[in-house]
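The structure appears right after this line, and notes come after that.
Residue numbers (this note's numbering): 33 to 147.
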């Protein structure tokens, strides 16, 4: 789990236009001991959300300001770490990505196109 989380943290920087701390997150874990997968997710609707906010507003649930959820990516990482990680410290999960950010890296063509 630690390696998967560290990779996701790095991916959130290297591919920030597609993933990262500003987005939602779902982690599915299949364990050999059980037949039921464990699904961790943490994304919430904004506090002012209500049951009628999309009535007569075509596509507003998928595009535009109303389509935004409150990010839960780091909270989901934390849940996964507490349940299945711990081979390294929480801080150590972030250190390689912090170093990468300090040293700089080449961005991908797709990231360049959206910047």
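The beta-carbon is built from N, C-alpha and C at its ideal position, and this holds for glycine as well.
Residue i versus residue j: straight-line alpha-carbon distance, rounded
i, j, result
"residue 97", "residue 65", "42 Å"
"residue 128", "residue 60", "24 Å"
"residue 116", "residue 47", "25 Å"
"residue 79", "residue 99", "13 Å"
Outcome for residue i when other beta-carbon atoms lying within 10 angstroms are tallied against a minimum of 16
i, result
"residue 130", "exposed"
"residue 81", "exposed"
"residue 144", "exposed"
Distance between beta carbons of residue j and residue i, contact taken as under 8 Å
i, j, result
"residue 133", "residue 45", "6 Å"
"residue 103", "residue 50", "With 8 Å as the limit, residue 103 and residue 50 do not qualify as a contact, their Cβ atoms being about 14 Å apart."
"residue 125", "residue 37", "5 Å"
"residue 76", "residue 101", "6 Å"
"residue 119", "residue 34", "5 Å"
### Message
Any contact between the region 108-118 and the region 69-82? By contact I mean 3 or more CB pairs, one from each, below 8 Å.
### Response
yes
### Query
Taking only runs of the alpha helix (DSSP H) that begin and end inside the region 102-145, which ones reach a length of at least 4 residues, in chain order?
105-116 and 122-135
### Query
If you scan the region 34-100 from start to end, which runs of the alpha helix (DSSP H) of 4 or more residues do you find wholly inside it?
34-46
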